[in-house]
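Everything on this sheet refers to the single structure shown next.
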Amino acid sequence: MRIRNSVVVITGAASGIGRATALRFARRGTCLVLASRRAEALETLAAECTALGSRAIAVPTDMSDHDAVQELASRAVEEFGRIDVWVNDAAVAFFSPFLEVPLRDFQRVIDVNVMGYVYGARAALERMQEQGSGVLVNVASIVGEVPQPYSSAYSVSKAAVRALGVSLRSELTLDRKKRIHVCTVLPPTIDTPFFHHAANYTGRRVVAMPPVYSADRVAKTILGVVEKPVREIAVGRIGRSMVRQHRLMPGQVEKGMAHQVEHGQLSRTEPAEDSTGNLYGPSLDPANAAVTGGWSGRRRTAQRVVLGTALVGVGAVVFGDKLKAAAPAVVAAAASAGRAIRSS
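For the sequence shown, the positions run 657 to 1000 when our numbering is used.
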């Protein structure tokens, strides 16, 4: 698809991946419709995008509200005449043992992360069917392939987003809608404010689990799949490797993921009070309306390569006894790299 002058709707645009994606599209001269719950942050972003050469409007939207999402789509068409690209990115999360999280909070994650994407996909595809073309991008996660402990609802939601993409692509194939595409993007851990404003019932401070990639890396991938649509793509070498290795030896990879979360995502020294985070209302901290969350650094970038080498190395091992013997070593190498990164 030609990017310049296309009409792009981005949900979850106030911070993180959504904000980075908006800025990337703005530099390409698109017409942007920016959505999230944070009106002030959206207005600031719209001004930034305009300064970069885009036409941009801010439409505060709660993605768990079907009527609000339909209004978002209507505003896009009223302002710019069509919807060429819709990026579903708005998401919330909690960190908690499954048996301790309030079920109301679990339901809220599903309402935003699953039903919000369903509402967005419905609104976008209705308009794209009328036009005969368009690209829907659903931002899922690597945890949709390798679920994490303490993130049960988020993991469920991202697996559901992947399934939604497959189902929609199948229907478009049957309807012979060759010019309408549904693309699913799977980011690994990304340097965004996400970990600052997630709900937390673990009693420990949540940090970004290494390896950490930049939000702009995901934004670049999103722009790429709009230009040349693909069914599904994992972001970064580590992400691609985790997907491959989980399909090859799921038990070992799941054990490794559990170990990494326990020792790399929950602080062992800093406590945290129970909090609903931004589940029921947007964060009021201006610092959380940014692209980055302050989790990156040169050492982390360098040591990411070490972890990546450990994971990718498994792929070179032959099946059978040698594979089984190599798996614990790979998990140990990954854990060692994670500990080194945490100390940076």
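Virtual Cβ for every residue (Gly too), placed ideally from N, Cα, C.
Computed from a predicted model, the values in this text were never measured in an experiment.
> Does the beta-carbon of Thr925 have 16 or more other beta-carbons within 10 angstroms, so that it is buried, or is it exposed?
Replying inline: As a first step, residue 925 is located in the sequence shown; it is residue number 269 there, counting from the start. Taking a 10 Å sphere around the C-beta of Thr925, we find fewer than 16 other C-beta atoms and assign the residue as exposed.
> Would Asn661 be called buried (16 or more neighbouring beta carbons within 10 Å of its own) or exposed?
Replying inline: Sequence index remark: in the sequence shown, residue 661 carries index 5 (1-based). With a threshold of 16 other beta carbon atoms within 10 Å, Asn661 falls short and is exposed.
> Ordered along the chain, which non-local residues of its own chain (more than five positions away) have a Cβ less than 7 Å from that of Ala945?
Replying inline: Here residue 945 corresponds to residue number 289 of the sequence shown, with the count starting at 1. These residues qualify, in order along the chain: Ala670, Ser671, Arg694, Ala697.
> Mind pulling the alpha helix (DSSP H) runs of 4 or more residues that sit fully within the stretch 793 to 842?
Replying inline: Here the runs fully enclosed are 808 to 830.
> If you draw a straight line from the alpha carbon of Val841 to that of Val891, how long is it in whole angstroms?
Replying inline: Taking the first residue of the sequence shown as position 1, residue 841 is located at position 185. Taking the first residue of the sequence shown as position 1, residue 891 is located at position 235. If I take the Cα positions, the gap works out to 7 Å.
> With DSSP run on the structure shown, which of helix, strand or coil describes Asp847?
Replying inline: Start at 1 with the first residue of the sequence shown, and residue 847 comes out as number 191. Looking at Asp847 - three-state DSSP - the assignment turns out to be strand.
>> Can you check which of these residues, Ile713, Val665, Asp723, Ala749, is closest to Ser939 by C-alpha distance?
In response: Taking the first residue of the sequence shown as position 1, residue 939 is located at position 283. The residue among Ile713, Val665, Asp723, Ala749 with its C-alpha nearest the C-alpha of Ser939 is Ala749.
> Under the rule that 16 or more other beta-carbon atoms within 10 Å means buried, what is Gly937, buried or exposed?
Replying inline: Along the sequence shown, read from residue 1 onward, the residue named residue 937 stands at position 281. With fewer than 16 Cβ atoms within 10 Å of its Cβ, Gly937 is classed as exposed.
> How long is the line joining the alpha carbons of Arg731 and Ser720, rounded to whole angstroms?
Replying inline: Here residue 731 refers to the residue found at position 75 when the sequence shown is read from its first residue. Here residue 720 refers to the residue found at position 64 when the sequence shown is read from its first residue. Each residue's alpha carbon lies about 17 Å from the other.
> How is Ile766 classed by DSSP in three states: helix, strand or coil?
Replying inline: Position 110 of the sequence shown, counted from the start, is the residue given in the question as residue 766. In the three-state reduction of the DSSP assignment, Ile766 falls in the helix class, which pools H, G and I.
> Using DSSP with H/G/I as helix, E/B as strand and the rest coil, what is Tyr857?
Replying inline: Position 201 of the sequence shown, counted from the first residue, corresponds to residue 857. Here DSSP, grouped into helix, strand and coil, assigns Tyr857 to coil.
>> With the cut-off set at 8 Å, would you say Gly788 and Arg835 are in Cβ contact?
In response: Within the sequence shown, numbered from 1, the residue matching residue 788 stands at position 132. Within the sequence shown, numbered from 1, the residue matching residue 835 stands at position 179. The Cβ atoms of Gly788 and Arg835 sit closer than 8 Å to each other.
> What residue does the beta strand (DSSP E) around Arg924 start on, and which one ends it?
Replying inline: By 1-based counting over the sequence shown, the position of residue 924 is 268. Counted as a single uninterrupted DSSP element, the beta strand (DSSP E) harbouring Arg924 occupies residues 922 to 927.
>> Distance check for Ala864 and Thr957, CA to CA, integer angstroms please.
In response: Position 301 of the sequence shown, counted from the start, is the residue given in the question as residue 957. Position 208 of the sequence shown, counted from the start, is the residue given in the question as residue 864. For Thr957, the predicted structure reports a pLDDT of 44, less than 50, and the residue's modelled location is therefore unreliable. A value from the coordinates is still provided. In a straight line, the C-alpha of Thr957 is about 13 Å away from that of Ala864.
>> I'd like to confirm the pairing. Which residues does DSSP put opposite Ala890 in its beta bridges?
In response: Here residue 890 refers to the residue found at position 234 of the sequence shown. Per DSSP, Leu842.
> By Cβ distance, which residues of its chain are closer than 6 Å to Ala747, with the 5 residues on each side in sequence left out?
Replying inline: For this step, residue 747 is matched to residue 91 along the sequence shown. So the list reads Asn769, once near-sequence residues are dropped.
>> Measuring only the C-alpha atoms, how far is Met657 from Ile739?
In response: Residue numbering aside, residue 657 sits at position 1 when the sequence shown is read from its first letter. Residue numbering aside, residue 739 sits at position 83 when the sequence shown is read from its first letter. C-alpha separation (whole angstroms): 13 Å.
>> The alpha helix (DSSP H) that contains Leu688, what's its start and end?
In response: The residue you call residue 688 lines up with position 32 of the sequence shown. Run containing Leu688: none in the alpha helix (DSSP H); it sits in the beta strand (DSSP E), 687 to 691.
> Do Thr877 and Ile894 have their CB atoms nearer than 8 Å?
Replying inline: Residue 877 sits at position 221 when you count from the first residue of the sequence shown. Residue 894 sits at position 238 when you count from the first residue of the sequence shown. No. Outside cutoff.
>> Since Ala780 and Gly790 should fall inside the 8 Å C-beta cutoff, what is the C-beta to C-beta distance between them, to a whole number of angstroms?
In response: What you label residue 780 is simply residue 124 of the sequence shown in a count that begins at 1. What you label residue 790 is simply residue 134 of the sequence shown in a count that begins at 1. Ala780 to Gly790, Cβ: 7 Å. Contact.
>> Please classify Lys884 as buried or exposed, where buried requires at least 16 neighbouring CB atoms within 10 angstroms.
In response: Taking the first residue of the sequence shown as position 1, residue 884 is located at position 228. Exposed: under 16 other Cβ atoms inside 10 Å.
> Looking only at C-alpha atoms, which of Ala676, Val733, Gly709, Arg683 sits nearest to Val689?
Replying inline: Position 33 of the sequence shown, counted from the start, is the residue given in the question as residue 689. If we check each option's Cα against that of Val689, Val733 comes out closest.
> Relative to the alpha-carbon of Arg887, which residue among Ala875, Gly821, Ala714, Pro716 has its alpha-carbon at the smallest distance?
Replying inline: The sequence position of residue 887 within the sequence shown is 231, counting from 1. For Arg887, the nearest C-alpha among the options comes from Gly821.
> With a Cβ-Cβ cutoff of 8 Å, do Leu679 and Cys705 count as a contact?
Replying inline: For the purposes of this step, residue 679 is taken as the residue at position 23 of the sequence shown. For the purposes of this step, residue 705 is taken as the residue at position 49 of the sequence shown. Yes; because the gap between Cβ atoms is below 8 Å, this pair is in contact.
> Does the stretch 806 to 815 come within contact of the stretch 752 to 769, defined as at least 3 CB pairs closer than 8 Å?
Replying inline: Because the criterion of three Cβ pairs below 8 Å is met, the stretch 806 to 815 and the stretch 752 to 769 touch.
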